[in-house]
Structure formats: C-alpha cells, structure tokens
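Going by the UniProt record's numbering, the residue at position 501 of the sequence shown is 501; the numbering climbs one at a time, nothing skipped.
Every residue gets a Cβ at the ideal spot worked out from N, C-alpha and C, and that includes glycine.
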Amino acid sequence: MYGKAAICLSFVILFLISCSISVGTVDLRSYFFPLLQSPQVPRSLCASGPPLLVYMYDLPRKFHVGMMDRRSFEGPAPVTADNFPPWPSNSGIKKQHSVEYWLMASLLYGGNGDEDREAVRVSDPESAEAFFVPFFSSLSFNTHGHNMTDPETEVDRRLQRKENLFMLPDIILKSVSFLELTSIDYSGIDLSFQVELLEFLRKSKYYQRSGGRDHVIPMTHPNAFRFLRQELNASILIVVDFGRYPKTMSSLSKDVVAPYVHVVDSFTDDDALDPYESRTTLLFFRGNTVRKDQGKIRIKLAKILSGIDDVHYEKSVATPKNIIMSKETDLLVNTCYGEFSEITCAKFSNHAFYLYFFLWMLQCDKALLARSFGLFCSTEGMRSSKFCLHPAGDTPSSCRLFDAIVSHCVPVIVSDKIELPYEDEIDYSEFSIFFSMKEALEPGYLVNQLRQFPKDRWVEMWKQLKNISHHFEFQYPPKKEDGVNMLWRQVKRKLPRAQLAIHRSRRLKVPDWWQRRR
Numbered sequence: 001m002y003g004k005a006a007i008c009l010s011f012v013i014l015f016l017i018s019c020s021i022s023v024g025t026v027d028l029r030s031y032f033f034p035l036l037q038s039p040q041v042p043r044s045l046c047a048s049g050p051p052l053l054v055y056m057y058d059l060p061r062k063f064h065v066g067m068m069d070r071r072s073f074e075g076p077a078p079v080t081a082d083n084f085p086p087w088p089s090n091s092g093i094k095k096q097h098s099v100e101y102w103l104m105a106s107l108l109y110g111g112n113g114d115e116d117r118e119a120v121r122v123s124d125p126e127s128a129e130a131f132f133v134p135f136f137s138s139l140s141f142n143t144h145g146h147n148m149t150d151p152e153t154e155v156d157r158r159l160q161r162k163e164n165l166f167m168l169p170d171i172i173l174k175s176v177s178f179l180e181l182t183s184i185d186y187s188g189i190d191l192s193f194q195v196e197l198l199e200f201l202r203k204s205k206y207y208q209r210s211g212g213r214d215h216v217i218p219m220t221h222p223n224a225f226r227f228l229r230q231e232l233n234a235s236i237l238i239v240v241d242f243g244r245y246p247k248t249m250s251s252l253s254k255d256v257v258a259p260y261v262h263v264v265d266s267f268t269d270d271d272a273l274d275p276y277e278s279r280t281t282l283l284f285f286r287g288n289t290v291r292k293d294q295g296k297i298r299i300k301l302a303k304i305l306s307g308i309d310d311v312h313y314e315k316s317v318a319t320p321k322n323i324i325m326s327k328e329t330d331l332l333v334n335t336c337y338g339e340f341s342e343i344t345c346a347k348f349s350n351h352a353f354y355l356y357f358f359l360w361m362l363q364c365d366k367a368l369l370a371r372s373f374g375l376f377c378s379t380e381g382m383r384s385s386k387f388c389l390h391p392a393g394d395t396p397s398s399c400r401l402f403d404a405i406v407s408h409c410v411p412v413i414v415s416d417k418i419e420l421p422y423e424d425e426i427d428y429s430e431f432s433i434f435f436s437m438k439e440a441l442e443p444g445y446l447v448n449q450l451r452q453f454p455k456d457r458w459v460e461m462w463k464q465l466k467n468i469s470h471h472f473e474f475q476y477p478p479k480k481e482d483g484v485n486m487l488w489r490q491v492k493r494k495l496p497r498a499q500l501a502i503h504r505s506r507r508l509k510v511p512d513w514w515q516r517r518r
C-alpha cells in the first residue's frame, strides 16, 4: 500500500517539475550548470516605452538660432539637422542656460535607428502627443535683456517711462504691474519676441485646443520670459528651479526641473587608485559671494570658512581684475581662446604690469581670457577636492552643482528650497550631502561633519557620481539616457495630468472649483 502511494507521489512530483520547466518557472541549468547562465544586463533607470511623438513649431529663425548668429537672424531657409549651428565654444556662462538649444537639436536629429530615444519629431501635428515651442527665451534674455546701453536698443528704453506706458500692447498691460514697468530694466527686443510668440501661439488651433497644456516651453534662465510667463502658465515649463516663480505659477506637478548645463569639462579619466587621498582639498567653493535672497548665506559662510587650511572658499567673478587677484596663478595662457599650457610663470598677482603686457602682445579679449582663466581654476579646484560646496544663490540652484557632479566631487548642498532634476528616478542622497542653512551657519559644524565622513562612504559616493554623471551630459547627437533624453522622459510623465486637465476643461460649465480652493 505504501509502495503504491510512494510511486504515485513520485509521478506527481515529476509531473509538476516537467510542467514548471515547460512554462519556464524553473531553470535547472541555474542549479547544475551555473556557468551557462546568461549574464545579467544592467537595467536602465526606468523602462521608457515607445518614444514621445513631438510636433515642433516652425518658428522664424530669429526666435532661436538667429540669436546665435546675426548673419542668419532672418534667414529664409528652414532649420534642419544639416544647417543647425553648433553651440559656440566661446559662449562662456551662457552655456549653462542652453537646455532649449539641446532640446531643439534632439528633435532635429534624424537618428540612425540603433539608439534609444525618448522623443521623436513628427511632421503631422494631428499625430503629436506634445508640442515643442523652440523659442530660446534664456538666450534672448542673455543676449538682449542686459543690452540697455546698446545703441540698437536705446529707443526701447522709453518703454520703461511713465509717459510711454500707453504705447504698450494690452497683453502686457494686463500681465505686468505698473511698478515692474517703471522700475525694472529690460530690453525691448526680448519683450517684442515674447509678445510676438504669444500672438503666434494664440492663433494656433492646437494651442487653443488644449489651452497650451500639452505644449513644452523651456525657460531655464530665472529671468526668461519674466514679464509674460503668466500667460503661458498652463504649459509644461522646463525650469531649473522655482526661485523666481510665485506660488500661483509653476509647480512640480506640471513642470519639469532641468539641470543647468555644466560649463566645466567632464572628468573622463578620473581613475585614481586612491581617489580619496588624491584629492587634497577637503571643501571647495569658487564663485560670487554677493547674492540676494537666500544667497546672502554665501557671505556668512565666507566668514565661517575662511582661514581653514584644507578649505578653499574663494570669491570670484569673471573679470580681468580677478585674474590678477586670483590665487590660482601658476599658469600661462598660450592662446586667446582659453587653451592653457602647463608652463609655470611668475604669479600674475605680483606682476599686473606683465599680465597686461602679455595680453597686449596676444591682442586678447580680456573678458574672454578672464572667463577662460576662471573656468580653468574652477575645473582644477573641483577635480582636486573631496567635497564641493553648493550654497543657495539668487535662486535655490546654480550651475555649480552640476559642474561638481561631472567633476565627481561630492556635492555639499546648502539650499533649503532647492528642487533637483529627475528626482523620481535618482536618489541624490546616494552621492550628495545636505545641510540646512541653519546647520551650515553653526561655526565649525559643517567642516567637522565632513572631516568625520567615512572614507569608504565617500568612495561609494564617488563611484555613484561616475555612474550617474552621463544623465547630466548634453550633446549632439543625443545618447541614451543623457540629459536631453532624461528631460523628454520627464515630459512624457507630465502628459497624463495635462490630458486630464484638457478633458475636464472641455466638459466644465462653471469655473474650475479646484482652482478656486487654492
């Protein structure tokens, strides 16, 4: 009796095993032949699915690439991948706000079929899931917003005067307060671009159809589209932080936080056997210490951190004067365009006359040289430091954070209201250290915490920085999970909420009560 039961049980077990093998739930090779197993493929941050279908408006060149080259300002030819200009190598710090350029470039790129892309351009707007507005609002502000002494914009200065307010279009008078119009400097060219773009969008049936909710508009400079941005608030805005946006505008729920484009070169050969010991500076900061709002903490930190041997806290602004005053002076410039040799020369700080004679001999642009010199010093400082300090500036974020990431210098973030890119996919605590502003201003606290930070934990953060730094690269052609593809993936995740708002707006017969509850 027991024998028959054992035989039956054996048949049942064999039957179950054979079924499991056939459906793939049991792999006997993993037990008996482990070397035959297929190697595990590293997973991407998130499965992205099919690419986002994006229609890009065909705006006149003056709204985008025309600002990069005055000769093509009003060019008749459409912008294509073949005639799209490269980002200028001498753009200086303007590069940090160039996300708008790289987004446009990614849509112009036709691809070669073997890359993973998060967004592709479609020629039929009816098939589009999102609409991209290629207005270089940040470059417009950087190019025109500060040029009030330029003879070409002198006439626009009258726009700020009380007697000329009635000459402004109604769209501006409804959006901008009298105080802003009379006390804030801005360029008429930048403003005219904004007005013209708004008029264009309001005539678009696709903008009208969604109220702009499925439109993607980059505004990465804190002052981009400053006076009329409220008119585009329904759209998906690409911003670097929310420091200069009122609470009624822009939010994490509908907008995308982008990184600044780093201006220092990426540290591609960071392969030291002992990276911790090879970086001799404990904490590095180089930048402007005179800032507004929460950025006032920089001056306070300067007093706390000054005089500490392995802490480098330097006030620096890209001017010729700061070349002379800089401590990083064992350097000789061998061209007018920022290419540095390793020849050691006398310290410029002690030989100002010889510096200017050197500049005169090379017929250099002093401002360009100053930017190049400052960039070199920042690059070398970050690469030789264990930690890089990122205090708040005029706004909660700055390019310095992303320069530190691509330099594999562990960021020390002191900014209570900062928002970070791709934070639904990336855990910044794995490679960054955060201090509240209150903690950072306690004398000795921040430095003591860094001195006690375990070496093995720092090495893990350094390795993680090397693993994730490609997410902050902007390049053409784009590459898998680089900065521009990460941003398009973020846009894709905002669209369901946009579609919900579009569908609700079509059936509501009364003002949206959810808006009234805010």
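For D424, count the other beta carbons within 10 Å of its own beta carbon; 16 or more makes it buried, fewer makes it exposed. Which is it?
Exposed, since its Cβ has fewer than 16 Cβ neighbours within 10 Å.
Roughly how many angstroms separate the alpha carbons of S407 and S98, rounded to a whole number?
20 angstroms
Out of curiosity, what's the CA-to-CA distance linking A440 and A302?
11 angstroms
Near G110, which residues of its chain fall below 8 angstroms by C-beta distance, leaving aside the five closest residues on each side in sequence?
A81
Is the separation between the beta-carbon of L103 and that of V447 shorter than 8 angstroms?
no
Restricting to runs no shorter than 4 residues, where is the alpha helix (DSSP H) found entirely within the segment 442-499?
445-451 and 455-468
Would you call the segment 483-498 and the segment 207-225 in contact, with 3 or more CB pairs under 8 angstroms?
yes
Name the two residues that bound the continuous alpha helix (DSSP H) containing P275.
P275 to S278
What residues in its chain sit with their C-beta under 7 angstroms from that of M382, if we drop five residues either side in the sequence?
V264, F284, C388, D403, A404, S407 and C409
Against chain C, does L301 count as a neighbour if the rule is that its beta carbon must be under 8 angstroms from one of theirs?
Absent from the structure is chain C; it holds one protein chain and no more.
Is it buried or exposed for E430, if we count other Cβ within 10 angstroms and need 16 for buried?
exposed
Nearest to S138 by CA position, among D58, K417, T220 and G92, is which residue?
T220
Can you tell me where the alpha helix (DSSP H) holding R298 begins and where it ends?
For R298, the enclosing alpha helix (DSSP H) begins and ends at I297 to L305.
What ranges does the beta strand (DSSP E) occupy inside the segment 220-274, keeping only unbroken runs of at least 3 residues that lie completely in it?
236-239
Can T143 be considered in contact with the ligand PLP, in the sense that its beta carbon sits closer than 7 angstroms to one or more heavy atoms?
Absence of the ligand PLP is noted for the structure shown, with no ligands found whatsoever.
So what does P218 bridge to, in DSSP terms?
I238
Put H390 into one of helix, strand or coil per three-state DSSP.
strand
Which residues does DSSP list as the beta-bridge partners of V54?
The beta-bridge partner set that DSSP reports for V54 consists of R121 and A130.
Could you work out which residue in N90, N112, A119 and P85 is closest to Y101 when comparing CA atoms only?
P85
Does the segment 411-418 come close enough to the segment 251-268 to have 3 or more Cβ pairs within less than 8 angstroms?
no
Report buried or exposed for Y276, applying the criterion of at least 16 other Cβ atoms within 10 angstroms of its Cβ.
Y276 should be labelled exposed.
Among A258, S505 and R504, which has the Cα closest to the Cα of F472?
A258
Check F434 in the structure and name its three-state DSSP category.
strand
Determine the closest residue to S278 out of S385, W488 and F242, with distance taken between C-alpha atoms.
S385
On a Cα-Cα basis, can you pick out the residue from K315, H503 and Q230 that is closest to G374?
K315
P421 and H390 - do their beta-carbons sit closer together than 8 angstroms?
no
My guess is that V256 and K494 are in contact by the Cβ rule of under 8 angstroms, so how many angstroms apart are they, rounded?
6 angstroms
With distance defined between alpha-carbon atoms, name the residue in D116, R400 and E231 nearest to I93.
R400
Taking the continuous alpha helix (DSSP H) assigned at G111, which residues delimit it?
Counting along the chain, G111 falls outside any alpha helix (DSSP H), and DSSP gives it neither H nor E.
By alpha-carbon positions, which one of K479, P443 and V79 ends up nearest to K300?
P443
Does the distance from the C-beta atom of L53 to that of A128 stay below 8 angstroms?
yes
Given this structure, state the Cα-to-Cα distance separating W87 from Q452, to the nearest angstrom.
43 angstroms
Where does the unbroken alpha helix (DSSP H) through Y206 begin, and where does it stop?
That run of the alpha helix (DSSP H) goes K205 to S210.
Looking at the structure shown, is L59 part of a helix, part of a strand, or coil, going by DSSP?
coil
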